[in-house]
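All remarks here apply to the structure that follows.
Protein chains: 2
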Amino acid sequence: MSVDAVLTARAALSRLFEPSDMVGLALVAAAGPEQALRIATGQQAAPPAVAAETAGYLSSGGSRGTALAEGLQRWAPRIPDLAPGRDLDAIRRLGGELLVPEDSRWPESLRHLDLGMPLCLWVRGNLTRGLPVLERTVAVVGSRDSTGYGVSIAGDICAGLAGRGYTVVSGGAYGIDAQAHRAALASASAGTTATIAVMACGADRYYPAGNEDLLRTVAARGLLLSEVPPGSAPTRWRFLQRNRIIAALSAVTVVVEARWRSGALNTAHHAAELGRAVGAVPGSVYSANSAGCHRLLRDGSAVCVTDAQEIAELAGPLETPVTDTAATDGERPARPGGAGPEKGGDPTGKGSNHRAVHDGLTVEDLLLLDALPVRSGTTVGKLATVAGLSPPGVRAGLARLELEGLAVRSGADLWRRGRH
Amino acid sequence: MSVDAVLTARAALSRLFEPSDMVGLALVAAAGPEQALRIATGQQAAPPAVAAETAGYLSSGGSRGTALAEGLQRWAPRIPDLAPGRDLDAIRRLGGELLVPEDSRWPESLRHLDLGMPLCLWVRGNLTRGLPVLERTVAVVGSRDSTGYGVSIAGDICAGLAGRGYTVVSGGAYGIDAQAHRAALASASAGTTATIAVMACGADRYYPAGNEDLLRTVAARGLLLSEVPPGSAPTRWRFLQRNRIIAALSAVTVVVEARWRSGALNTAHHAAELGRAVGAVPGSVYSANSAGCHRLLRDGSAVCVTDAQEIAELAGPLETPVTDTAATDGERPARPGGAGPEKGGDPTGKGSNHRAVHDGLTVEDLLLLDALPVRSGTTVGKLATVAGLSPPGVRAGLARLELEGLAVRSGADLWRRGRH
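In structure tokens form, the structure reads like this:
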């Protein structure tokens, strides 16, 4: 297979599949990216061996046998939008490129996600030195509505980490994330990857808009990356999935401030599931913004950390050269092809198992909720395209969301988001 | 043996022995309090069987055989001061009494200290309902130089604990301790033991002086207790030993604020050694007064607690009636006689093993340092009486302290404390 063909196939698949579409990822693991694209787009029927292997990668749920058929229904509405060449041009115009698991610069640390590993990373920034090795990266995350206390600590910690040669990974959001990137940019020495922002939208977009200058600087002096293609909007589902990439890229995930329910805790739980170290910064028991950190400390999910030195201790000794990606990942053997799920936990077929991930909603309903416009109504067909679901799946989901008051009819067969 | 004879013997022994004088406690375990007093005061030689049993209770150090002889030397200077009848009268005049292990009201929780269990408790307050059962007591301790944050939390926590029916145990010091007692007094319902102050000085003294009114109220509405007899001064050694009583009486020990090195951490470590739950309250990473709490959280010695409810969860469910002392202690069988050290960890003969406990000083040198006057000099004989050491022991210790600059000669054979 040619490099270009692999790039084109993965670029297209990253638009066809939502992040962590386990059926799609299983199909790629079974058939390779090029054949998977032909199957997913209906150009070719899945050979029985591929269908069987795909089903084998998925969990042993009853609907495993029909998962691929459901996937094909889900992907079909997006086929007309595929334009991988245009997307690859777009990222190149921004000085970036598409990084794929077949590339030697692919971060080994992501292979710990097993079947959940991203299809590819759309990257802006200087990739000539690759991504930093796992033991040189620390994720620093926290509330968007941070306090002065949290911002101050995030600054101190990230300046200390950057000064010690660590790359700070965060999510580019307001509050703790922004301060983490800023402090790392201010303290990193030239020639190193100052900081990495993992986006929930396309790498061409600056989200949130108020962080545009900061994110431009991250792209110039560090790396800005995303698993969704240029132009993609940030949705709740993509935010939740984005968090697993932050956790997987980092030797330690530190939560600086978090409310009792916070996306930062989701990142911490991804890190814990990967067996990575998790740190939480303590704060006032009267601060709602520290309640999530104290929750992590209390339930034993995180270690109490108060400065950069204590975080560096969690990351372990720094002995590997910064640019040596090949030596990243000693404890698990790298798997060729990039998606061998032989111990992939409980990879959930998106069309089969319903797992609550947010506010009690299933994955499908969350995708659908993200896709529903707030004001003017939209059609089932349009929703199928935006959400990446089959039209029958959209209808079933709308019925559930309507019961919850989360979706309302706004005309004959038009739908918009409820006020709930 | 008569009740009066036991009370008199233990009253006398508590003046003769410093707290945790393991040789003295082993002698009492071997001979019983009355014979132990006769032996310790030289009225009777130790029968070979008693000497052997005493040595058997002590650790297997090389000087075990000479420990009793050294003890007799150490105790001798204090014999002329013995006046147990006067001490018993003193506590009774204050409305209190001497509580001994032979009494059914003796708290079973103290038996977890094995050989280190106090000889007796000099108690002020209403003992008709005994001491609260273990699962109803929580120790709340912390810095003397507390911050407004710490005082506020101590108040909230102790009000919440007292309101839930727990008795708050603390040390009667300024800062966190004082606030813990105050808040418990303010929130406890009538007819319960509002709070317990465990003193490092005699129960007749108010130390520190600024807490006199508070300690009077504790004695009136709760319990004020000490293992040292009326009139005894608070010394560093007695503070350190007092902490083990606070920990042993309490199902949970909570550290509200503590510096990196703090007596409150000593109490927490006693609690951990006893297998009791330890909680630490988080705070600002910029506050030196929370550094000790974060240290406990980081090394896993303590659980993160932020309110009374979380502390109550550590203490376990409250199902036992408040006054039922007999049901206190389910997990270890009570031992008659009160000092069976068959699994007594590493009971250190005070005259034999030198264990550093404070600033690198041995127990003897710490006792001696406590006894040294700051201004005018004193004699070796006087030091032997005050410190509870033999005159040769005092001379050897003075030589060591002089090398450290902690003791200086102030005349022919007079000594005072150094400026170090």
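Chains D and A, in that order, give the protein sequences.
First residue of the first sequence: 1, per UniProt numbering; consecutive thereafter.
First residue of the second sequence: 1, per UniProt numbering; consecutive thereafter.
No residue lacks a Cβ here, since even glycine has one placed at the ideal position from N, Cα and C.
For the 8 Å CB-CB criterion, residue 226 (chain D) and residue 122 (chain D) form a contact. Between the C-alpha atoms of residue 140 (chain A) and residue 252 (chain D) there is a straight-line separation of about 33 Å. Within the model, the alpha-carbon separation for residue 173 (chain D) versus residue 230 (chain D) is close to 18 Å. If you check the CB distance, residue 197 (chain D) and residue 185 (chain D) do not come in under 8 Å. For residue 153 (chain A), the chain D residues whose Cβ falls inside 7 Å of its Cβ are 285, in order along the chain.
Following the DSSP letters along the chain, one finds residue 167 (chain A) inside the beta strand (DSSP E) bounded by residues 167 to 170. Taking a Cβ-Cβ cut-off of 9 Å, residue 265 (chain D) has no neighbours in chain A, whose nearest Cβ is about 15 Å from it. In the DSSP assignment, residue 196 (chain D) falls within the unbroken beta strand (DSSP E) covering 195 to 198. In this structure, residue 183 (chain A) places its C-beta atom within 8 Å of the C-beta atom of residue 155 (chain A). Residue D:88 holds the alpha-carbon nearest to the alpha-carbon of residue 10 (chain D) among D:267, D:374 and D:88. Listed in chain order, the beta strand (DSSP E) runs fully inside the segment 60 to 132 of chain A are 97 to 99 and 121 to 125, counting runs of at least 3 residues. Using a CB distance below 7 Å, the part of the segment 292 to 306 of chain A facing chain D consists of 294, 297, 298, 303, 304 and 306, ordered along the chain. Taking the CA atoms as reference points, residue 309 (chain D) sits about 11 Å from residue 158 (chain D).
Interface criterion not met: the Cβ of residue 166 (chain D) is under 8 Å from no Cβ in chain A. Close to residue 257 (chain A), with beta-carbon spacing below 9 Å, lies no residue of chain D; the smallest spacing is near 11 Å.
Residue 237 (chain D) is classed as buried because its beta carbon has at least 16 other beta carbons within 10 Å across all chains shown.
By the rule that beta-carbons nearer than 8 Å mark a contact, residue 149 (chain A) touches chain D. The CB of residue 254 (chain D) never comes closer than 9 Å to any CB in chain A; the least such distance is about 12 Å. In terms of beta-carbon proximity, residue 281 (chain A) lines the interface with chain D, with at least one pair separated by less than 8 Å. CA-to-CA, the gap between residue 411 (chain D) and residue 290 (chain A) works out to about 60 Å. Note on geometry: alpha-carbon atoms of residue 380 (chain A) and residue 68 (chain A) lie some 22 Å from one another. The DSSP-derived three-state label of residue 23 (chain A) is helix.
Boundaries of the beta strand (DSSP E) harbouring residue 255 (chain D): 252 to 255, taken from the DSSP string. In this structure, the straight-line span from the alpha carbon of residue 376 (chain D) to that of residue 144 (chain D) is close to 29 Å. Among the CB atoms of chain D, one or more fall inside 8 Å of the CB of residue 310 (chain A). Per the coordinates, the alpha-carbon of residue 199 (chain D) lies some 40 Å from the alpha-carbon of residue 260 (chain A).
Fewer than three pairs of CB atoms, one per stretch, sit closer than 8 Å, so the segment 259 to 274 of chain A makes no contact with the segment 214 to 222 of chain A. Runs of alpha helix (DSSP H) with 4 or more residues, each lying fully within the segment 245 to 310 of chain D, are found at 263 to 273 and 291 to 298, listed in chain order. The beta-carbon separation of residue 72 (chain A) and residue 24 (chain A), rounded to 10 Å, does not stay under the 8 Å limit for a contact.
Beta-carbon to beta-carbon, residue 166 (chain D) and residue 133 (chain D) are separated by about 11 Å, too far to satisfy the 8 Å threshold. The Cβ-Cβ distance between residue 301 (chain A) and residue 277 (chain A) does not fall below 8 Å. Listed as beta-bridge partners of residue 415 (chain A) by DSSP are A:378 and A:409. Distance check between residue 288 (chain D) and each of D:142, D:181, D:303 and D:109 places D:142 closest, using alpha-carbon atoms only. Assigned with DSSP and collapsed to three states, residue 403 (chain D) falls in helix. In this structure, D:70 is the residue among D:57, D:50 and D:70 with its C-alpha nearest to the C-alpha of residue 391 (chain D).
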